[in-house]
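Step one of this worksheet: look at the structure below.
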Amino acid sequence: MALCVSCGVSKSLQEKPDVSMYQTEIPARKKINDSTFTVAHNFLRKNRQGLWELKVSGNPLELGLKTGSLTQELFNEQEDIFVNKIDELVPSKGYQNLLRKFLAWFNRKMYLNIDSQFKAELYGVSQYASPNYDYIAKPYQRVMYFHGAHDIGHALQDLALVGCSSFAAWGDSTEDGKLLIGRNFDFYAGDAFAKNKIIAFVEPDHGYKFMSVTWGGMIGVVSGMNDQGLTVTINAGKSQFPLIAKTPVSLVTREILQYASTIDEAIEIAKKREVFVSESIFVGSAKDKKAAIIEVSPKNFGVYEVENSDQLICANHFQSAAYANDKKNQKHILESHSQYRYERMEELLKETPKIGPEDVVSILRNKEGLDEEKIGYGNEKALNQMLAHHGIVFQPEDLLVWVSSNPYQLGEFVAYDLNEVFNLSAFADAPIAETERNISKDPFLQSEAYLNYERYRILRDEIEDAISNEAHVEQTKLKKLVQLNPYFWEGYYLAGLYNYNKGYDLVAKGYFEKALELEITTVPDRENVEKYLRKLR
Numbered sequence: 001m002a003l004c005v006s007c008g009v010s011k012s013l014q015e016k017p018d019v020s021m022y023q024t025e026i027p028a029r030k031k032i033n034d035s036t037f038t039v040a041h042n043f044l045r046k047n048r049q050g051l052w053e054l055k056v057s058g059n060p061l062e063l064g065l066k067t068g069s070l071t072q073e074l075f076n077e078q079e080d081i082f083v084n085k086i087d088e089l090v091p092s093k094g095y096q097n098l099l100r101k102f103l104a105w106f107n108r109k110m111y112l113n114i115d116s117q118f119k120a121e122l123y124g125v126s127q128y129a130s131p132n133y134d135y136i137a138k139p140y141q142r143v144m145y146f147h148g149a150h151d152i153g154h155a156l157q158d159l160a161l162v163g164c165s166s167f168a169a170w171g172d173s174t175e176d177g178k179l180l181i182g183r184n185f186d187f188y189a190g191d192a193f194a195k196n197k198i199i200a201f202v203e204p205d206h207g208y209k210f211m212s213v214t215w216g217g218m219i220g221v222v223s224g225m226n227d228q229g230l231t232v233t234i235n236a237g238k239s240q241f242p243l244i245a246k247t248p249v250s251l252v253t254r255e256i257l258q259y260a261s262t263i264d265e266a267i268e269i270a271k272k273r274e275v276f277v278s279e280s281i282f283v284g285s286a287k288d289k290k291a292a293i294i295e296v297s298p299k300n301f302g303v304y305e306v307e308n309s310d311q312l313i314c315a316n317h318f319q320s321a322a323y324a325n326d327k328k329n330q331k332h333i334l335e336s337h338s339q340y341r342y343e344r345m346e347e348l349l350k351e352t353p354k355i356g357p358e359d360v361v362s363i364l365r366n367k368e369g370l371d372e373e374k375i376g377y378g379n380e381k382a383l384n385q386m387l388a389h390h391g392i393v394f395q396p397e398d399l400l401v402w403v404s405s406n407p408y409q410l411g412e413f414v415a416y417d418l419n420e421v422f423n424l425s426a427f428a429d430a431p432i433a434e435t436e437r438n439i440s441k442d443p444f445l446q447s448e449a450y451l452n453y454e455r456y457r458i459l460r461d462e463i464e465d466a467i468s469n470e471a472h473v474e475q476t477k478l479k480k481l482v483q484l485n486p487y488f489w490e491g492y493y494l495a496g497l498y499n500y501n502k503g504y505d506l507v508a509k510g511y512f513e514k515a516l517e518l519e520i521t522t523v524p525d526r527e528n529v530e531k532y533l534r535k536l537r
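In the UniProt record's numbering, the protein residues as written are 1 to 537.
Below, the structure is given as structure tokens:
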């Protein structure tokens, strides 16, 4: 315990924000039906596309309490999913105990780097946390930890947790000259994690009103727009694993969304906060009529803006002069799928000289590689990696936003007019979406290729488990795996690996050689396949 006290762990575990200045009583939640709840004039309801629509207002503590009350089942389910995912990755109880101790140590300084208003809001949400996980940490600390999980996922991006793509166009590059922004949020923590998406419309008592796409228990922002037409999205950069948690980047972007109306104001806010991973904050501005990228990392800061152009593209590498000599960033550009997706966005934007919202959605859903090459469904070199948590389109000057519905970014994109939503004074039965502006679901969903991809994912997981457990797999299943997704290198690699482990060298060699003929996702992946082939020669 002396060690814990000396390194600040004990103090962080006991920390509780001062909420004495805020009103603490909120009305009891009323249940209208299984998918509609109200707290005074605030509400949560599920639309016909399966998206949850949340509207809350008040001071920081009220925002947290109302959000927690309205979304408590979604919050508890999300926590179940998250903890189950950790249990799946770390099945040993002994290692789980070590992990809890590590999290307490790693996050010991986080509370010192979070603004008091957001701590009050986190505290409000935490009052509705499940008691089932108090063994991990107290509810308030636990909710705070979860806000850093996104950052840790980015730091571990070599495990394919992330690979986001975003772009903006304005002026001569759009149909009406107005700014348009599209992005895929490809943070993947399992299908269940993306099941219950929440479109939050937040009216804080200080700052600007804003919307964001989120999930139960999350007050940070990964994709959002405020009532000034300022947008933020985040794209991971290449990070070393951090030694200590500071400000979760989603709370930096939340602060930008709540208090900035221009790119310069967003930059000033980002400069104030110490982050613990590398991240590109993609900012669009109705007032500036353009977009820019704020590139943050623990030891560096840069801003990237285009000159003599009306398009801006962002994958998962830095572009500003501040990172020109960053060796980790240079290595990432050479070895990952980031540059490939960047070039694919360039290619698709050139094909459509003047884009509109439907064109943006079409680009976000694109499943092919450079020059329309078939690279297999689920390949991270594609803009549509078939795992997105959500896709989103912003038209800031008109305060219009389109949010995808399941599955991935293939479902209907639901349109919202923030002018209309924030003018609602009370709950009403009528839809709050601008249904006539919705963008139809991808016809690909009705295809045999889509059904085969879903079958491929199920069979892939089964075969990966069998390889890990050294279990038997029929060769017909391995053939079926590659037949279901014939242009994707991964299936051939897994079939090769199974046969290699079983000593069926000739069969393994054939699968590995076929994998090398296809578009392999990263340089390390290609080198891994080549390594096995060398062993077979």
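The beta carbon of each residue, even a glycine, is placed where N, CA and C say it ideally should be.
- Put simply, of E351, E88, L65 the residue whose alpha carbon is nearest the alpha carbon of S57 is L65.
- Y456: member of the alpha helix (DSSP H) spanning 448–468, first to last residue.
- Rounded to whole angstroms, the Cβ separation of P396 and M225 is 6 Å, and the two are in contact under 8 Å.
- Distance from the CA atom of L459 to the CA atom of L481, rounded to whole angstroms, is 7 Å.
- Note on the region 51–126: whole alpha helix (DSSP H) runs with a minimum of 4 residues are 60–70, 72–89, 93–106, 116–126, in chain order.
- If the five residues before and after A260 are omitted, its C-beta is found closer than 7 Å to the C-beta atoms of L230, A266, I269, all from its own chain and listed in chain order.
- Per DSSP, the continuous beta strand (DSSP E) segment holding N42 begins and ends at 42–46.
- When secondary structure is reduced to three states using DSSP, H317 falls in the coil class, being assigned neither helix nor strand.
- Around S338, the same chain offers A315, N316, H317, H332 as residues with beta carbons nearer than 7 Å, after the five sequence neighbours per side are excluded.
- In the DSSP assignment, Y500 falls outside any beta strand (DSSP E) and within the unbroken alpha helix (DSSP H) covering 489–502.
- Distance from the CA atom of V125 to the CA atom of Y493, rounded to whole angstroms, is 44 Å.
- For G391, the enclosing beta strand (DSSP E) has its first and last residue at 390–395.
- Annotation: the region 228–288 contains the following complete segments of the beta strand (DSSP E) (minimum length 3 residues), in chain order: 230–236, 279–285.
- When Cβ pairs closer than 8 Å are counted between the two stretches, the region 171–190 is seen not to touch the region 31–50, the count staying below three.
- Within the same chain, L122, M144, T247, P248, L251 come within 8 Å of I114 by CB-CB distance, once the 5 residues on both sides are set aside.
- Going by C-alpha positions, A168 is about 13 Å away from D288.
- Rounded to whole angstroms, I234 and I355 show a C-alpha spacing of 22 Å.
- Membership of N300 in the beta strand (DSSP E) is indicated by the continuous run 300–304.
- The DSSP-derived three-state label of V9 is helix.
- Distances from the CA of E343 to each of V361, I313, I199, A415 were compared; the closest alpha carbon is that of I313.
- Straight-line measurement puts the Cα of G302 at about 34 Å from the Cα of N528.
- Taking C-beta atoms as the reference points, L445 and L410 count as a pair closer than 8 Å.
- About 12 Å separates the Cβ atoms of G220 and R273, ruling out a contact at the 8 Å cut-off.
- Contact annotation, L51 with I199: C-beta distance approximately 6 Å; criterion of less than 8 Å satisfied.
- If you ignore the 5 residues before and after A495, its C-beta comes within less than 7 Å of the C-beta of L478, L481, V482, Y511, all in its own chain and listed in chain order.
- For secondary structure counted as the alpha helix (DSSP H) over 4 or more consecutive residues, the region 410–449 holds these complete runs in sequence order: 418–421.
- Exclusion of the five residues before and after S425 leaves no residue of its chain whose Cβ lies closer than 6 Å to its Cβ.
- The beta carbons of C164 and D186 sit about 5 Å from each other, so the pair counts as a contact at 8 Å.
- DSSP, reduced to helix, strand and coil, places I375 outside both helices and strands of the structure shown, so it counts as coil.
- Spanning the alpha carbons of K31 and H41 requires a straight line of approximately 13 Å.
- In the DSSP secondary-structure assignment, Q141 is not bridged to any residue.
- Looking at the DSSP output, M211 bridges to F201, M225.
- Excluding the 5 residues flanking it on each side, E203 has same chain C-beta neighbours closer than 6 Å at S57, K209, in chain order.
- In the assembly as shown, S440 is an exposed residue. Its beta-carbon has fewer than 16 other beta-carbons within 10 Å.
- For K31, the enclosing beta strand (DSSP E) covers residues 30–33.
- Annotation for R183: the continuous beta strand (DSSP E) segment containing it runs 180–185.
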